[in-house]
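Peer 1: Residue numbers (the working numbering): 1 to 487. Beta carbons: idealized from backbone N, C-alpha and C, even for Gly.
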């Protein structure tokens, strides 16, 4: 009985620690956006230059996620989690005390490095601590906290900037990080992955490729999509990522074995995640500006009015985790994605220069429920689509694709917005926003289609057998599947 109590306590602590750490890393994706005018007044610089306080974090976070997961698998997940958390906390303090714009951008880049090491390990540490039967609910809570962080970044950043100071959007991380460090050291159990040598070639290829793609997408709206620097980044990134794919097929111990994509479960949930974040990030980025620039709300007021969408994961995601345990992750994820697509489409139909909040509310609620149904089961599907020793790299790959999807969403939907409208008047803003939301809805609906490709739990288990490295592993993995089928 005491051992069960100890295991239950360890799982609870793991859930708290990993959820708070994930919240910190996810929050800093968008927390700076509403603080840019205040930062410019204090530190100077043009608005285009200040955008790097956002993109410096996104770039380093995205390009190093898979390397961070590989380091954890090789040298110990708890050990590297502590390293990443320490780097993130120290860089947050440096950003809060930055005397100039250049030092702030540098601190944000280092923040991204810490987050890239820390974030993919949160799921693997949580998975190791929680019994299989309870993982759906645990993923639900973890997903709720992370989903809230991503979507509420503009609210928290705007509120702190408006009522205290922009420095506190970074100071907020410091006490949280300092509190988590001893807890993680004492309460988390150490675990390792395959123990294979680090794939330096794969790391350079995927890091360089993602950097080129994300850099081109971030700079595209400002520099122009045909500018040499943007085209060079996109082309070089595509070439390097192609090389990474071939390396993953042919190398002996690749960072991301391409055989994992033989599994429809792994391929389907990663495609759905990429498309989901593309539609969600781009929509939040534009709608937060719509509420402030067109409807006249302050940053805090806009964030509060978006709570039916952004705050919904705290209520629904744990229920979604429970449902995924009962009926499987595929129907829950697909339902959530189609609901979010419907919410965005409805929003596009009611958006106007003088739209009432009552007209917007149904779209916010439906989108919030849809996002909530996605987060927890998606995490469960990612972790269950691969073998236990490959969960670290699977988590890193999924998080990297989410980050790339977010950068792609902001770039693509901003480009559509600029082509169809602009910031000149309230009506021109609406003229650009409406088609962007339609595209966002279509992309998220496509994510729902990708989720439907994911097989049932039994077929996913058989797919993991097919994806095994050797005939001996196939025989060992096939035994429990055949035993289950015979029952």
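Drop a sphere of 10 angstroms on the beta-carbon of residue 315, count the other beta-carbons inside from all chains shown, and report buried for 16 or more, exposed for fewer.
Peer 2: Locating residue 315 in the chain shown gives position 315, counting from the first residue. Result: exposed.
Peer 1: In angstroms with no decimal places, state the Cα-to-Cα distance between residue 55 and residue 218.
Peer 2: Start at 1 with the first residue of the chain shown, and residue 55 comes out as number 55. Start at 1 with the first residue of the chain shown, and residue 218 comes out as number 218. Approximately 7 angstroms between the Cα atoms of the pair.
Peer 1: Since residue 310 contacts residue 148 with CB under 8 angstroms, what's their CB separation in whole angstroms?
Peer 2: Your numbering for residue 310 matches position 310 in the chain shown. Your numbering for residue 148 matches position 148 in the chain shown. Residue 310 to residue 148, Cβ: 7 angstroms. Contact.
Peer 1: Please determine, among 208, 232, 259 and 136, the residue with the shortest C-alpha to C-alpha distance to residue 490.
Peer 2: Examination of residue 490 is not possible in this model, given that the chain is present from 1 through 487 alone.
Peer 1: Within this structure, are the beta carbons of residue 364 and residue 299 separated by less than 7 angstroms?
Peer 2: Position 364 of the chain shown holds residue 364. Position 299 of the chain shown holds residue 299. In this structure, residue 299 does not lie closer than 7 angstroms to residue 364 by Cβ.
Peer 1: Using a Cβ distance threshold of 8 angstroms, determine whether the region 281–290 contacts the region 229–240, with at least three qualifying pairs required.
Peer 2: The answer is no - the region 229–240 does not touch the region 281–290, with fewer than three Cβ pairs under 8 angstroms.
Peer 1: For the alpha helix (DSSP H) containing residue 431, list its first residue and its last residue.
Peer 2: What you label residue 431 is simply residue 431 of the chain shown in a count that begins at 1. Residues 426–452.
Peer 1: Tell me which residues share the same chain as residue 157 and place their Cβ nearer than 7 angstroms to its Cβ, disregarding the 5 neighbours each side in the sequence.
Peer 2: As a working mapping, residue 157 is identified with position 157 in the chain shown. Cβ neighbours of residue 157 beyond the five flanking positions: 31, 32, 33, 34, 35 and 169.
Peer 1: Could you tell me the distance, in whole angstroms, from the CA atom of residue 11 to the CA atom of residue 17?
Peer 2: Residue numbering aside, residue 11 sits at position 11 when the chain shown is read from its first letter. Residue numbering aside, residue 17 sits at position 17 when the chain shown is read from its first letter. One C-alpha to the other measures close to 10 angstroms.
Peer 1: With a cut-off of 8 angstroms on the beta carbons, I'd call residue 399 and residue 119 a contact; round off their distance for me.
Peer 2: Taking the chain shown and counting its residues from 1, the one referred to as residue 399 is at position 399. Taking the chain shown and counting its residues from 1, the one referred to as residue 119 is at position 119. Yes, they are in contact, since the Cβ atoms of residue 399 and residue 119 sit about 6 angstroms apart, within 8 angstroms.
Peer 1: Please state if the CB of residue 273 and the CB of residue 401 are separated by a distance shorter than 7 angstroms.
Peer 2: Position 401 of the chain shown, counted from the start, is the residue given in the question as residue 401. Position 273 of the chain shown, counted from the start, is the residue given in the question as residue 273. For residue 401 and residue 273, yes; Cβs fall inside 7 angstroms.
Peer 1: Assuming contact is defined by CB atoms lying nearer than 7 angstroms, are residue 347 and residue 437 in contact in what I supplied?
Peer 2: In the chain shown, residue 347 corresponds to position 347, counting from 1. In the chain shown, residue 437 corresponds to position 437, counting from 1. Against a cut-off of 7 angstroms, the Cβ pair of residue 437 and residue 347 comes out as a contact.
Peer 1: Rounded to whole angstroms, what's the CA-CA distance from residue 98 to residue 107? Just pull it up for me.
Peer 2: Within the chain shown, the letter at position 98 stands for residue 98. Within the chain shown, the letter at position 107 stands for residue 107. Those two C-alpha atoms are separated by around 8 angstroms.
Peer 1: Between which two residues does the alpha helix (DSSP H) holding residue 79 run?
Peer 2: Position 79 of the chain shown holds residue 79. Run containing residue 79: 77–96, per the alpha helix (DSSP H) assignment.
Peer 1: My understanding is that residue 350 touches residue 340, with C-beta atoms under 8 angstroms, so please give their C-beta distance in whole angstroms.
Peer 2: Along the chain shown, read from residue 1 onward, the residue named residue 350 stands at position 350. Along the chain shown, read from residue 1 onward, the residue named residue 340 stands at position 340. So it is not a contact: roughly 16 angstroms between Cβ atoms.
Peer 1: Under a Cβ-count criterion, where at least 16 other Cβ atoms within 10 Å of its own Cβ denotes burial, should residue 163 be classed as buried or exposed?
Peer 2: Taking the first residue of the chain shown as 1, we reach residue 163 at position 163. Exposed, since its Cβ has fewer than 16 Cβ neighbours within 10 Å.
Peer 1: If distances are taken between C-alpha atoms only, which option among 369, 447 and 422 comes closest to residue 435?
Peer 2: For this step, residue 435 is matched to residue 435 along the chain shown. For the residues 369, 447 and 422, the minimum Cα distance to residue 435 belongs to 422.
Peer 1: With DSSP collapsed to three states, give me the class of residue 354.
Peer 2: Within the chain shown, the letter at position 354 stands for residue 354. In this structure, residue 354 counts as coil in the three-state DSSP scheme.
Peer 1: CB of residue 135 to nearest heavy atom of the ligand SAM: below 6 angstroms?
Peer 2: Judged by which ligands are present, the structure shown has none, so any question about the ligand SAM falls away.
Peer 1: I'd like to know whether the C-beta atoms of residue 124 and residue 79 end up nearer to each other than 7 angstroms.
Peer 2: Counting from 1 along the chain shown, the entry for residue 124 is found at position 124. Counting from 1 along the chain shown, the entry for residue 79 is found at position 79. In this structure, residue 79 does not lie closer than 7 angstroms to residue 124 by Cβ.
Peer 1: Buried or exposed: which applies to residue 357, given that a residue is buried once 16 or more other Cβ atoms fall within 10 Å of its Cβ?
Peer 2: In the chain shown, counting from the first residue as 1, residue 357 sits at position 357. Counting Cβ neighbours within 10 Å, residue 357 comes out exposed, since fewer than 16 surround it.
Peer 1: Please check the pair residue 117 and residue 255, which I expect to be a contact at CB under 8 angstroms, by giving their CB distance rounded to whole angstroms.
Peer 2: Looking up residue 117 in the chain shown gives position 117. Looking up residue 255 in the chain shown gives position 255. With 8 angstroms as the limit, residue 117 and residue 255 do not qualify as a contact, their Cβ atoms being about 15 angstroms apart.
Peer 1: Which residue marks the beginning of the alpha helix (DSSP H) containing residue 533, and which one marks its end?
Peer 2: Within the shown structure, residues of the chain are numbered from 1 to 487, placing residue 533 beyond reach of any answer.
Peer 1: Going straight from the alpha carbon of residue 374 to that of residue 413, what length do you get?
Peer 2: For the purposes of this step, residue 374 is taken as the residue at position 374 of the chain shown. For the purposes of this step, residue 413 is taken as the residue at position 413 of the chain shown. Distance between the alpha carbons of residue 374 and residue 413: 21 angstroms.
Peer 1: Determine the contact status of residue 184 and residue 115, defining contact as a CB-CB distance below 7 angstroms.
Peer 2: The residue labelled residue 184 in the question sits at position 184 within the chain shown. The residue labelled residue 115 in the question sits at position 115 within the chain shown. No, these two residues do not count as a Cβ contact at 7 angstroms.
Peer 1: Considering only C-alpha positions, which residue in the set 43, 264, 87 and 60 is nearest to residue 21?
Peer 2: By 1-based counting over the chain shown, the position of residue 21 is 21. It is 87 whose Cα lies nearest to the Cα of residue 21.
Peer 1: Can you name the start and end residues of the alpha helix (DSSP H) that residue 177 belongs to?
Peer 2: Position 177 of the chain shown, counting from 1, holds the residue named residue 177. Per DSSP, residue 177 belongs to the alpha helix (DSSP H) from 173–187.
Peer 1: Classify residue 330 as buried or exposed, calling it buried when 16 or more other Cβ atoms lie within 10 Å of its own Cβ.
Peer 2: Within the chain shown, numbered from 1, the residue matching residue 330 stands at position 330. Classification for residue 330: buried.
Peer 1: Taking the Cβ atom as the reference point for each residue, do residue 214 and residue 59 lie within a distance shorter than 7 angstroms?
Peer 2: The residue you call residue 214 lines up with position 214 of the chain shown. The residue you call residue 59 lines up with position 59 of the chain shown. The answer is yes: Cβ separation under 7 angstroms.
Peer 1: So, helix, strand or coil for residue 190, using DSSP?
Peer 2: Start at 1 with the first residue of the chain shown, and residue 190 comes out as number 190. Coil, per DSSP.
Peer 1: Alpha carbon to alpha carbon, how far is residue 344 from residue 440? Give it in angstroms, no decimals.
Peer 2: As a first step, residue 440 must be located in the chain shown, where it is residue number 440. As a first step, residue 344 must be located in the chain shown, where it is residue number 344. Their backbone Cα atoms lie some 7 angstroms apart in a straight line.
Peer 1: Could you pull out every residue in the same chain whose Cβ sits closer than 8 angstroms to the Cβ of residue 15, ignoring the five residues on either side in sequence?
Peer 2: Along the chain shown, read from residue 1 onward, the residue named residue 15 stands at position 15. If we look at residue 15 and ignore the five residues flanking it on each side, its Cβ neighbours are 126, 129, 130, 138, 141 and 142.
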